[in-house]
Amino acid sequence: MAEISAKRVQELREKTGAGMMDCKKALAEAGGDFAKAEEVLRKKGLAAAAKKSARAATEGAVASYIHMGGKIGVLVEVNCETDFVARTEGFQALVKDLAMQIAAAAPQWVRREDVPAEVVAKEVEIAKAQMRDQKKPEAILEKIAQGKVEKFYEQFCLYDQAFVKDDKKRISEVLTDAVARIGENIQVRRFARYVLGEGLEKKQDNLAEEVQKMAGLKA
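In my numbering, the protein residues as written are 680 to 898.
In C-alpha cells form, the structure reads like this:
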C-alpha cells in the first residue's frame, strides 16, 4: 500500500472539507489515488447525509453573481456548519453554482414548503378549471391537478429545479452530494434575484394613468 503523506491528506481535506482521519482512511482505501479517494468520501458521506440535515448550519457564505453585462444580479446565502468548510474550494464552487442557477432559472422560493398555501391552492384550482374545459372526468381531476402542481414546484422552487449544469440532477440532489462529499449540513437559506428594469414599465403606466386622471382626461 502506498504511503499516505500528511500533505496529501491536507490537500484532500482542503478540497473536500472532510475530516483529517476520514481523508487519511479514504486515501488509504484508494491506494493513494486522489480522485478515487474523493469518490470514497462521497459514497460514505451519502449514507450519513440525511442525518446531517438536522444539524445547525450557522456559518457559510453570501455570494453574488452578475450576468449579461449587468442585466441580472443574484445574492444568495448558503449555510454550512463551520467556517473552515465555508472557506474551502468545494463549498465556494457550490455557492457560485447556486448563484448561477438562480440567475438562469429564476426560482421564486427555496423549497416547496416555502410556497404560500394560497398560491398552491390557486394553482390546483387553475389546473382543475383547465381540465374541466377539456371535459376531463371529475374523478381524475385531483390527480391531474397534483401533477400540475409538481410541475409548478419544478419550475419555481430552487430545490426542485433541474440543475442547469446537469439536467439529470435536481438542486436538492446537488446539495445532498455536497453534504456527502464535504461532511457537513449545507442549506440554502435565502436569495434575491434582480432583473434590470423589472417592474418599471408597469409603474410608468400607472403613473401615466394618474397624470391623465389629474388632468381630467380619464374618468
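Every residue gets a Cβ at the ideal spot worked out from N, C-alpha and C, and that includes glycine.
* To do: Indicate whether H746 and A782 have their beta-carbon atoms separated by less than 7 Å.
  => Yes, Cβ-Cβ distance for H746 and A782 is below 7 Å.
* Asked: Tell me the DSSP bridge mates of F870?
  -> Bridge partners of F870: V755.
* Would you decide whether Y838 is buried or exposed? Buried here means 16 or more other CB atoms lie within 10 Å of its CB. => That one is buried.
* Alpha-carbon spacing of S743 relative to V764, whole angstroms -> Going by C-alpha positions, S743 is about 19 Å away from V764.
* Should E718 and V741 be called a contact, given that it needs their Cβ atoms to be closer than 7 Å? -> Contact flag unset, no.
* Got a sec, what are the start and stop residues for the beta strand (DSSP E) K847 sits in? -> For K847, the enclosing beta strand (DSSP E) stretches over residues 845-849.
* Asked: Anyone know if the C-beta pair for E852 and V828 falls short of 7 Å?
  -> The answer is no: Cβ separation not under 7 Å.
* Grouping DSSP H, G and I as helix and E and B as strand, with all else coil, what is A898? -> Note that A898 scores a pLDDT of 41, beneath 50, so its modelled location is shaky; the value from the coordinates is reported in the next line. A898: coil per DSSP, three-state reduction.
* Asked: Looking only at its own chain, which residues have a Cβ that is under 6 Å from the Cβ of V799, when we skip the five neighbours before and after it?
  -> If you ignore the 5 residues before and after V799, its C-beta comes within less than 6 Å of no other C-beta in its own chain.
* Using the beta-carbon count (16 or more within 10 Å), is Q840 buried or exposed? -> Classification for Q840: buried.
* **Cβ neighbour criterion (16 or more within 10 Å) applied to L875** => Counting Cβ neighbours within 10 Å, L875 comes out exposed, since fewer than 16 surround it.
* **Host beta strand (DSSP E) of A740 (start-end)** => Unbroken beta strand (DSSP E) run through A740: 738-746.
* Assuming R860 contacts R766 (C-beta within less than 8 Å), just tell me the rounded distance between them. => Contact flag wrong, Cβ pair sits at about 16 Å.
* Member of Y873, E833, A784, G878 whose CA lies at the smallest distance from the CA of G752 -> Ranking the options by Cα distance to G752, first place goes to Y873.
* To do: Could you tell me which of K775, A857, A784 sits nearest to Q834, measuring between CA atoms?
  => Of the candidates K775, A857, A784, the one whose C-alpha sits nearest the C-alpha of Q834 is A784.
* To do: Grab me the residues of L754's own chain with a C-beta within less than 6 Å of its C-beta, minus the 5 sequence neighbours each way, in chain order.
  => Excluding positions up to five away in sequence, the list reads S743, A871.
* With 16 other CB atoms within 10 Å as the buried threshold, where does I850 fall? -> With 16 or more other Cβ atoms within 10 Å, it is buried.
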